[in-house]
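First to last, the sequence lines map onto chains A and B.
Residue 0 is where the first sequence starts when you use numbering that gives the first Met the number 0, and the numbers rise one by one after that.
Residue 0 is where the second sequence starts when you use numbering that gives the first Met the number 0, and the numbers rise one by one after that.
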Amino acid sequence: MNGRQAIILRDVRLAFRAGGGSFQAVAFFSVVCVLFALAAGPDLRLMSKIAAPVVWTAALLATLISLDQIYRADREDGSLDVIVATSDELALTAAAKAAAHWLSTGVPLIVATPLLGLLMNLEAGAYAPLMLSLVIGTPALSLIGAFAAALTVSLPRANLLISLIVSPLYMPILIFGAGAASAGAAGDPQYAANLKLLSAATLFAAITAPLASAAALRSNLD
Amino acid sequence: MKPSLYDLANPLRFDRIARAALPWLVAATIVLMTLGLYFALFNSPADYQQGQSVRIMYVHVPAAWMALFCYTVIAGASAVGFIWKHPLADVAAKEAAPIGASFTLLALITGSLWGKPMWGAWWAWDARLTSVLILFFLYIGYMSVWRAFPDKTRAARLAAILAIVGFVNIPIIKFSVEWWNSLHQPASVFRGGGPTIDGSMLTPLFLMGGAYMFFFAATLTQSMRSELAARRLARLQEIDARSSYVLVEQ
Chain A
0 MNGRQAIILR DVRLAFRAGG GSFQAVAFFS VVCVLFALAA GPDLRLMSKI AAPVVWTAAL
60 LATLISLDQI YRADREDGSL DVIVATSDEL ALTAAAKAAA HWLSTGVPLI VATPLLGLLM
120 NLEAGAYAPL MLSLVIGTPA LSLIGAFAAA LTVSLPRANL LISLIVSPLY MPILIFGAGA
180 ASAGAAGDPQ YAANLKLLSA ATLFAAITAP LASAAALRSN LD
Chain B
0 MKPSLYDLAN PLRFDRIARA ALPWLVAATI VLMTLGLYFA LFNSPADYQQ GQSVRIMYVH
60 VPAAWMALFC YTVIAGASAV GFIWKHPLAD VAAKEAAPIG ASFTLLALIT GSLWGKPMWG
120 AWWAWDARLT SVLILFFLYI GYMSVWRAFP DKTRAARLAA ILAIVGFVNI PIIKFSVEWW
180 NSLHQPASVF RGGGPTIDGS MLTPLFLMGG AYMFFFAATL TQSMRSELAA RRLARLQEID
240 ARSSYVLVEQ
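Right, dumping it as structure tokens:
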């Protein structure tokens, strides 16, 4: 097992154990959906119409609050200095950190989505497009978010700044993701176009975000 | 020796050049702005569809150009600062941000004022409007990074990385109107095959565009001068504090 696999495995284990971020992220995701539902009122027709965008927004927010954790612990116990100093290809290590974040936050959110869809009166035909758009789109959220976490790693508390940095970068993902979910449910031909744009955004983030993260980590630790 | 961009890296030399250039930049801004506003408000026809509201366009369209242009300047200066560690490039990028954010806000507000009588709504969630709003938030995030880090060298590097990453948004904004069928009209000035709007309207448009450009150059030069002066002052105070500390020790 090489170093990057070890990092992924360790991060995922830590996240799923007691006190880890996975459970909290899923709980927060559900709470946001419930808050939306409470605010929108008991109209089930309206609910089924806004369910997919609400789930997308909640997934985005749940990702957002977990971002600060990505490099925080590594920074505090000094292992980040070792990682940056010894990594042969820091961008790939940054990609591994983002992958670990997706496995421990993105995947649990996707798994929890059908249950929330049920609560929010999501139509039967809307489940597959919503899940598919989340599977394609949430890796981009983790990748871009890990970049923002790397950018702010030397600050003592960075949650607000991270939200500010990441929100404009997340907006295209949210537009294409929620757009694909809604278009797919309605049988709209825009479905394929939105999915393709979402895939393009994820692939683009997969290439650029780790490189930018590596540059940001180096600038923060010099 | 061949003159290069590095000659400007000396803050004193920059200050000398900037001080000489400033009156000309300000004068050009005033002349172009006066001419532009005269043409825009009095000496151009009302649109056959938009009526007198078309005159908002002479404020709105160049502001939108500048919103994109300023971000491009920030990203370019950031790249120069990040790659070649040119000290003035970082200052230019930092000081261009508030100006660019103001142009973006001006474009959003004037667009909204125009949209109410024309589209019947202050705001529409279409591609162009949304992406310009995203641009505005990018400016805010960029400026926040500068403020968040106490160490200016580190802040410069990190802000530069963010500016370069955020640059992805610029082509999206430019082409959003062509890629998505949006409510916003397609480009009518800078397009393949020449402009589609009448010459009588192009004159005030370009005059205002030129005025904004010189305004940007003048404000940027002045803000860079004051930023450099502030840094020098902070450095002097630091030295002063250190030497008085030494005196107390003795």
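Note that CB positions come from ideal geometry on N, CA and C, so glycine has one too.
Since the structure is predicted, the reported quantities are computational estimates derived from the model, not experimental observations.
1. Any beta carbon of chain A sitting closer than 8 Å to that of B:Val131?
2. Counting only beta-carbon separations shorter than 8 Å, does A:Pro167 have a partner in chain B?
3. List, in order along the chain, the chain B residues whose C-beta lies closer than 8 Å to that of A:Ser218?
4. Can you tell me which of A:Leu140, A:Leu159 and A:Gly124 puts its alpha carbon nearest to the alpha carbon of A:Lys286?
5. Are B:Gly119 and B:His59 touching if we call contact CB-CB under 8 Å?
6. Please list the residues of the stretch 135-154 of chain B that have a C-beta atom closer than 8 Å to any C-beta atom in chain A, keeping them in chain order.
7. Enumerate, from N- to C-terminal direction, the unbroken alpha helix (DSSP H) stretches of 4 or more residues contained entirely within the stretch 35-118 of chain A.
8. Can a CB atom of chain B be found closer than 8 Å to the CB of A:Ile164?
9. For the stretch 171-179 of chain A and the stretch 101-119 of chain A, state whether three or more C-beta atom pairs, one from each stretch, are separated by less than 8 Å.
10. To the nearest angstrom, report how far apart A:Val217 and A:Val83 are at their CA atoms.
11. Chain B partners of A:Ala211, CB-CB under 7 Å?
12. Using the beta-carbon count (16 or more within 10 Å), is B:Glu94 buried or exposed?
13. Measuring only between beta-carbons, confirm whether A:Leu150 sits less than 8 Å from chain B.
14. With H, G and I counted as helix, E and B as strand and the rest as coil, what does DSSP make of B:Asp46?
15. At a Cβ cut of 8 Å, what residues of the stretch 126-154 of chain A count as close to chain B, listed as they run along the chain?
16. Is A:Leu160 close to chain B, meaning its C-beta is less than 8 Å from at least one C-beta of that chain?
17. Going along the chain, which unbroken runs of the alpha helix (DSSP H) with 4 or more residues stay wholly within the stretch 153-196 of chain A?
18. DSSP three-state call for B:Gly99: helix, strand or coil?
19. DSSP state of B:Lys115, grouped into three classes?
20. For the alpha helix (DSSP H) containing B:Ala154, list its first residue and its last residue.
21. Less than 8 Å between the C-beta atoms of B:Ala106 and B:Ala66, yes or no?
22. Can you check whether the C-beta of A:Ala215 is within less than 8 Å of a C-beta belonging to chain B?
23. For A:Asp10, does the three-state DSSP call read helix, strand or coil?
24. Below 6 Å CB to CB, which residues in the same chain sit around B:Met32 once its five sequence neighbours on both sides are set aside?
25. Less than 8 Å between CB atoms is the rule here; does A:Thr207 satisfy it with respect to chain B?
26. Closest to A:Ala211 by C-alpha separation, out of A:Asn193, A:Ala93 and A:Val30, would be which residue?
27. Would a check of beta-carbon distances place A:Met46 closer than 8 Å to chain B?
28. With DSSP as the reference, label B:Phe148 as helix, strand or coil.
29. Just the Cα atoms here: how many angstroms apart are A:Ser141 and B:Pro61?
30. Report the CB separation of A:Leu181 from A:Ala58 in whole angstroms; it is logged as a contact under 8 Å.
31. Once the 5 residues before and after B:Leu24 are set aside, which same chain residues still bring their CB inside 6 Å of it?
32. Terminal residues of the continuous alpha helix (DSSP H) containing B:Thr71?
33. So what does DSSP say about A:Leu121, is it helix, strand or coil?
34. Taking just the CA atoms, how far does A:Thr56 sit from B:Leu204?
35. Closer than 8 Å by C-beta to A:Leu37: which residues in its own chain qualify, once you throw out the five before and the five after it? Chain order, please.
Inspection of the coordinates gives the following:
1. For the purposes of this step, residue 131 of chain B is taken as residue 132 along the second sequence, with counting starting at 1. Not an interface residue.
2. Within the first sequence, numbered from 1, the residue matching residue 167 of chain A stands at position 168. Chain B, which has a Cβ nearer than 8 Å to the Cβ of A:Pro167, makes this yes.
3. As a position in the first sequence, residue 218 of chain A is number 219, starting the count at 1. Within 8 Å Cβ-Cβ: Arg153, Arg156, Leu157 and Ile160.
4. With chain A represented from 0 up to 221, any question about residue 286 of chain A goes unanswered, as that position is not in the structure.
5. Within the second sequence, numbered from 1, the residue matching residue 119 of chain B stands at position 120. Within the second sequence, numbered from 1, the residue matching residue 59 of chain B stands at position 60. Not in contact: B:Gly119 and B:His59 (Cβ atoms no closer than 8 Å).
6. Phe136, Leu137, Ile139, Gly140, Ser143, Val144, Ala147, Phe148 and Arg153
7. 43-65, 68-75, 78-85, 89-100 and 106-118
8. As a working note, residue 164 of chain A is residue 165 in the first sequence. Yes, its Cβ sits closer than 8 Å to a Cβ of chain B.
9. no
10. Taking the first residue of the first sequence as 1, we reach residue 217 of chain A at position 218. Taking the first residue of the first sequence as 1, we reach residue 83 of chain A at position 84. It should be pointed out that residue 217 of chain A corresponds to Arg in this sequence rather than to Val. Put simply, the backbone Cα of A:Arg217 is about 7 Å away from that of A:Val83.
11. Working through the first sequence from its first residue, we reach residue 211 of chain A at position 212. In chain order: Ile160 and Val164.
12. To locate residue 94 of chain B, count along the second sequence from 1; it is residue 95. Classification for B:Glu94: buried.
13. Sequence index remark: in the first sequence, residue 150 of chain A carries index 151 (1-based). Using beta-carbon distances, A:Leu150 counts as an interface residue toward chain B, with a partner under 8 Å.
14. In the second sequence, residue 46 of chain B corresponds to position 47, counting from 1. DSSP places B:Asp46 in strand when its eight states are reduced to three.
15. Phe146, Leu150, Thr151, Ser153 and Leu154
16. Translated into positions along the first sequence, residue 160 of chain A becomes position 161. With respect to chain B, the C-beta atom of A:Leu160 has a partner C-beta closer than 8 Å.
17. Within the stretch 153-196 of chain A, the runs of alpha helix (DSSP H) that reach at least 4 residues and sit entirely inside it are, in chain order, 158-185.
18. Stepping through the second sequence from its first residue, residue 99 of chain B is reached at position 100. DSSP, read as helix, strand or coil, puts B:Gly99 in helix.
19. Against the second sequence, residue 115 of chain B aligns to sequence position 116. If DSSP states are grouped into helix, strand and coil, B:Lys115 belongs with the helices.
20. The count along the second sequence starts at 1 and reaches residue 154 of chain B at position 155. Where B:Ala154 is concerned, the enclosing alpha helix (DSSP H) stretches over Lys151 to Gly165.
21. Position 107 of the second sequence, counting from 1, holds the residue named residue 106 of chain B. Position 67 of the second sequence, counting from 1, holds the residue named residue 66 of chain B. The answer is yes: Cβ separation under 8 Å.
22. For this step, residue 215 of chain A is matched to residue 216 along the first sequence. Judged by the 8 Å Cβ criterion, A:Ala215 is in contact with chain B.
23. Within the first sequence, the letter at position 11 stands for residue 10 of chain A. Reduced to three states, the DSSP call for A:Asp10 is helix.
24. By 1-based counting over the second sequence, the position of residue 32 of chain B is 33. Contacts found: Ala210.
25. Working through the first sequence from its first residue, we reach residue 207 of chain A at position 208. Closer than 8 Å: yes.
26. As a first step, residue 211 of chain A must be located in the first sequence, where it is residue number 212. Per the Cα distances, A:Ala93.
27. Locating residue 46 of chain A in the first sequence gives position 47, where the first residue counts as 1. By this cut-off, A:Met46 is not an interface position.
28. Here residue 148 of chain B corresponds to residue number 149 of the second sequence, with the count starting at 1. In this structure, B:Phe148 counts as coil in the three-state DSSP scheme.
29. In the first sequence, the residue the question calls residue 141 of chain A occupies position 142. In the second sequence, the residue the question calls residue 61 of chain B occupies position 62. Those two C-alpha atoms are separated by around 37 Å.
30. Residue numbering aside, residue 181 of chain A sits at position 182 when the first sequence is read from its first letter. Residue numbering aside, residue 58 of chain A sits at position 59 when the first sequence is read from its first letter. The residue you asked about is not Leu; residue 181 of chain A is Ser in the sequence shown. No, A:Ser181 and A:Ala58 are not in contact; Cβ-Cβ is about 15 Å, not under 8 Å.
31. Sequence index remark: in the second sequence, residue 24 of chain B carries index 25 (1-based). Same-chain partners within the cutoff: Phe213, Ala216 and Ala217.
32. Stepping through the second sequence from its first residue, residue 71 of chain B is reached at position 72. Going by DSSP, B:Thr71 is part of the alpha helix (DSSP H) stretching over Met56 to Trp83.
33. As a first step, residue 121 of chain A is located in the first sequence; it is residue number 122 there, counting from the start. Three-state result, A:Leu121: coil.
34. Indexing the second sequence from 1 puts residue 204 of chain B at position 205. Indexing the first sequence from 1 puts residue 56 of chain A at position 57. Using only the alpha carbons, I get a separation of about 40 Å.
35. Working through the first sequence from its first residue, we reach residue 37 of chain A at position 38. Annotation for A:Leu37: no residue places its beta carbon closer than 8 Å to its own, counting only its chain and skipping 5 residues before and after.
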